[in-house]
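In the numbering used here, the protein residues as written are 204 to 391.
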């Protein structure tokens, strides 16, 4: 509540009854961190599968009246999740760990369901206040990991004397993510 600065004239006295000249002393009221941080509700982090150990998969957002200085996973009370698959830095960046990679689990492989995980996360401030736990959803997204396959042994027959631009047939190919184009291999 302003005004946060006040000036008073102060004198000092001694045992003999002598008093100093008045000197102005300024009193400044400083702010204390009175409220716990708040993690933004409903956050969802999506990241591509096949991350390398230490890869940043997303960042958690939080606010505080003075400033957020750290984060932790609620299940472990530390910056490493209880399953040891993720760590969270003081700035809210979440990274997948070597344990998360080595486990060979869904956290890094879209083809191994589930592809969505929820972790409760808390934010802390310099005064030692911790936010209420807020669930953050982690979503693993798919990467196209395999090249398309042109169906072997195809033969296209078409009548002679076709007009320029005329369709003479269709080449068949498959891909888990869908075929998006064709080209002649001798032309790149």
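Just so you know, even glycine gets a beta-carbon here, dropped at the ideal spot from N, CA and C.
In this text the structure is predicted, and so the values were computed from the model without any measurement.
Host beta strand (DSSP E) of residue i (start-end)
i: residue 261; result: 259–262
i: residue 251; result: 247–251
Bridge-paired residues (DSSP) for residue i
i: residue 231; result: 208
i: residue 216; result: 222
i: residue 266; result: 241
i: residue 342; result: 249, 319
i: residue 377; result: 352
C-beta atoms of residue i and residue j nearer than 7 Å
i: residue 353; j: residue 379; result: no
i: residue 269; j: residue 328; result: yes
i: residue 323; j: residue 336; result: yes
i: residue 369; j: residue 359; result: no
i: residue 343; j: residue 299; result: no
i: residue 334; j: residue 239; result: yes
Cα-Cα separation, residue i to residue j
i: residue 297; j: residue 262; result: 6 Å
i: residue 320; j: residue 274; result: 18 Å
i: residue 271; j: residue 315; result: 35 Å
i: residue 349; j: residue 339; result: 31 Å
i: residue 256; j: residue 313; result: 16 Å
i: residue 228; j: residue 207; result: 14 Å
i: residue 290; j: residue 233; result: 34 Å
i: residue 384; j: residue 351; result: 10 Å
i: residue 283; j: residue 236; result: 26 Å
Give, in chain order, every unbroken run of the alpha helix (DSSP H) that is at least 4 residues long and sits entirely within the segment 268–339. 301–305
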